[in-house]
Amino acid sequence: WEVLQDIIIPESAAERSCYMDTMLGTAKQADTLLCHWWGTSFREVVLCCAQSASGILSRPDLERKAFTPGSAGFAPTVNDRTFWICMFAANHHLDHAPGHPLCQHDKFDKVVGRMKTVAVALDPELVTLSRAWCLGEMGEALQVGKVVQFFGNLTEDLKNTIVKDAAPVQVPSVEDAQAHDASDKTRILEHIAATSGLGEFDKAIDDAVQQGVRGLILRRAMRENDTETA
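Once you know that position 39 of the sequence shown is 25 in the working numbering, the rest is easy, because the numbers rise by one and skip nothing.
Laid out in structure tokens, this is it:
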């Protein structure tokens, strides 16, 4: 939230535009949509992008390459990866009703359709999986056949519960998910009801999360020779 409130909104206020429109860009189109909860620390978001782009799962290695001055950084191919991040793409100063060319609430299917993959940035406590927007974005991506991958650094307690105790990852129904703006959740639920249906949507999300999050934990354990977890 600090990046949104202290940087994005003030920097784009004069032009009343999205932050992306205030910055010099390139001709390169984003290839990966980053799905994340805006309450996640921006440091975690950056590390999830780095994890997705590099394939490096070790938290110390990611921290060193991303943030330590003078250390060997990422390979050029990693730095060439581009991510679409909604809080930079959204206009936080203007809003329009659905159907309007500039409405931001009814365009997500078009955005995800232009991406090769979708990366879900998980916060350490997995609050991300309880947010209506995040579930909605994941569901839309799955519905159109996009690859959805999970990245992040979970707490040790969560990892132990999921892997060693063989407990399922807790994912609420989208009907019970949280949203900063109740009207956003209403729109998401209406869209789901009109397309896949709530039951099918919840099952698709749960299947993807159980496989994806457990896979993330096991891949990291294997690379770090954590035979007890793996």
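Ideal Cβ positions, reconstructed from N, Cα and C, are used throughout, including at glycine.
Keep in mind the model is a prediction, meaning the values are calculated, not measured.
Legend entry - Assigned exposure category for Val195 - 16 Cβ within 10 Å defines buried: That one is buried.
Legend entry - Beta-carbon contacts of Arg200 that lie in its chain and below 8 Å, excluding the five residues immediately before and after: Ile148, Val149, Val155, listed in sequence order.
Inset, instruction - Sort Ala58, Ala190, Lys51 by Cα distance to Leu128 and report the nearest one. - result: Nearest of Ala58, Ala190, Lys51 to Leu128, Cα basis: Ala190.
Inset, instruction - Identify which residue in Phe28, Glu(-12), Ser159 has its Cα closest to the Cα of Gly122. - result: Out of Phe28, Glu(-12), Ser159, Ser159 has the C-alpha closest to the C-alpha of Gly122.
Legend entry - Cβ contact (3+ pairs, closer than 8 Å) linking the region 132 to 142 and the region 23 to 38: Three or more beta-carbon pairs separated by less than 8 Å link the region 132 to 142 to the region 23 to 38, which places the two stretches in contact.
Legend entry - Straight-line Cα distance separating Lys102 from Thr68: Each residue's Cα considered, the two are about 11 Å apart.
Legend entry - CA-to-CA distance, Thr63 to His166, given in whole angstroms: Approximately 36 Å, taken between the alpha carbons.
Legend entry - Glu107 - partner residues in DSSP beta bridges: As written in the sequence, residue 107 is Ala, which differs from the Glu given in the question. Looking at the DSSP assignment, Ala107 forms a beta bridge with His22, Phe137.
Legend entry - Cβ distance (whole Å) where His22 is taken to contact Ala107 below 8 Å: His22 to Ala107, Cβ: 4 Å. Contact.
Inset, instruction - Give every residue of the same chain whose Cβ lies closer than 6 Å to the Cβ of Trp70, excluding the five residues on either side of it in the sequence, and list them in chain order. - result: The beta carbon of Trp70 sits closer than 6 Å to those of Ala16, Leu19, all from its chain and outside the five residues before and after it, given in chain order.
Legend entry - Of the residues Lys96, Ala152, Asp109, the one placed nearest Glu126, counting alpha carbons only: Taking the Cα of Glu126 as reference, the smallest distance to any Cα among Lys96, Ala152, Asp109 is reached at Lys96.
Legend entry - CB of Val134 within 8 Å of CB of Gly99, strictly: No, these two residues do not count as a Cβ contact at 8 Å.
Inset, instruction - Could you check what DSSP says for Arg117 in three-state terms: helix, strand or coil? - result: In the three-state reduction of the DSSP assignment, Arg117 falls in the strand class.
Inset, instruction - Return the CA-CA distance between Pro55 and Glu1, expressed in angstroms with no decimal places. - result: Spanning the two alpha carbons is a distance of roughly 34 Å.
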